[in-house]
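Enquirer:
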């Protein structure tokens, strides 16, 4: 009788372990799918910025979003106005590398880009590491932070 109880317990534990493994595999799969969604969303964001598509950007940007770049910090309305009036025209973002990390309902997207922009009427080309922080709210991703860090070019790195 005791042997039968041990076998029942053993089979029960094996079942739990298999379910945990299956759940873990599903979570990894979900993360990969979500990672693809965020990479696509980031790429679209750059296109919308280039096209000055204020309506789509307004939907994407969280109401309390923060933008750090070009020597200043802006809120959502300031960033949208800057894009709309052409103070900064994000002409093209060439994405060299992109990665996504998750922390609970937050995603951190790191883009290594070469940005071509029109600033003060002059075209400038700069390499940046861009940090994008997205928050998953009400079944959609909202951009909460966009921060640019200028990278050293190859000539400066050799010094």
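Residue numbers (the working numbering): 303 to 461. Each residue gets a CB set at the ideal place from its N, CA and C atoms; glycine is no exception.
#1: Would you call the stretch 349 to 356 and the stretch 368 to 378 touching, i.e. three or more CB-CB distances under 8 Å?
#2: Any idea what DSSP makes of residue 460, helix, strand or coil?
#3: Please specify which runs of the alpha helix (DSSP H), each continuous and at least 4 residues long, are wholly inside the stretch 373 to 433, giving them in chain order.
#4: Please report how far the alpha carbon of residue 448 lies from the alpha carbon of residue 310, in whole angstroms.
#5: Three Cβ pairs or more, each shorter than 8 Å: is that satisfied between the stretch 390 to 397 and the stretch 412 to 432?
#6: Return the residue from the list 453, 411 and 408 that minimises the CA-CA distance to residue 429.
#7: Run the CB neighbour count on residue 334, radius 10 Å, all protein chains shown included, and call it buried at 16 or more, exposed below.
#8: Which word fits residue 378, buried or exposed, when buried means at least 16 other C-beta atoms lie within 10 angstroms of its C-beta?
#9: Alpha carbon to alpha carbon, how far is residue 258 from residue 445?
#10: Among the candidates 405, 403, 389 and 435, whose CA atom is the shortest distance from the CA of residue 423?
#11: For the beta strand (DSSP E) that contains residue 448, what are its first and last residues?
#12: When the Cα of residue 439 is compared with those of 361, 356 and 353, which residue comes out closest?
#13: Spatial neighbours of residue 407 within its chain, please: C-beta separation below 8 Å, excluding the five flanking residues on both sides.
#14: Residue 343 to residue 384, Cα distance in whole Å?
#15: Does DSSP classify residue 366 as helix, strand or coil?
Expert: According to the structure data:
#1: no
#2: Counting from 1 along the chain shown, the entry for residue 460 is found at position 158. Because residue 460 sits at a pLDDT of 40, beneath the cut-off of 50, its placement in the model cannot be relied upon, and the following sentence gives the value as read from the coordinates. Residue 460 falls in the coil class under three-state DSSP.
#3: 378 to 387
#4: By 1-based counting over the chain shown, the position of residue 448 is 146. By 1-based counting over the chain shown, the position of residue 310 is 8. Rounded to whole angstroms, residue 448 to residue 310 spans 55 Å at the Cα level.
#5: yes
#6: Against the chain shown, residue 429 aligns to sequence position 127. The shortest Cα separation from residue 429 among 453, 411 and 408 belongs to 453.
#7: Indexing the chain shown from 1 puts residue 334 at position 32. Answer is exposed; the Cβ neighbour count stays below 16.
#8: For this step, residue 378 is matched to residue 76 along the chain shown. With 16 or more Cβ atoms within 10 Å of its Cβ, residue 378 is classed as buried.
#9: Outside the shown range of the chain, which is 303 to 461, sits residue 258, and nothing can be said about it.
#10: Start at 1 with the first residue of the chain shown, and residue 423 comes out as number 121. Nearest of 405, 403, 389 and 435 to residue 423, Cα basis: 389.
#11: Position 146 of the chain shown, counted from the start, is the residue given in the question as residue 448. Taken as a continuous stretch (DSSP letters only), the beta strand (DSSP E) holding residue 448 covers 442 to 452.
#12: As a working mapping, residue 439 is identified with position 137 in the chain shown. Of the listed residues, the one whose Cα sits closest to residue 439 is 361.
#13: Numbered from its first residue, the chain shown carries residue 407 at position 105. Only 437, 438 and 439 meet the Cβ criterion.
#14: Numbered from its first residue, the chain shown carries residue 343 at position 41. Numbered from its first residue, the chain shown carries residue 384 at position 82. So the two alpha carbons sit approximately 21 Å from each other.
#15: Translated into the one-based positions of the chain shown, residue 366 becomes position 64. Strand at residue 366.
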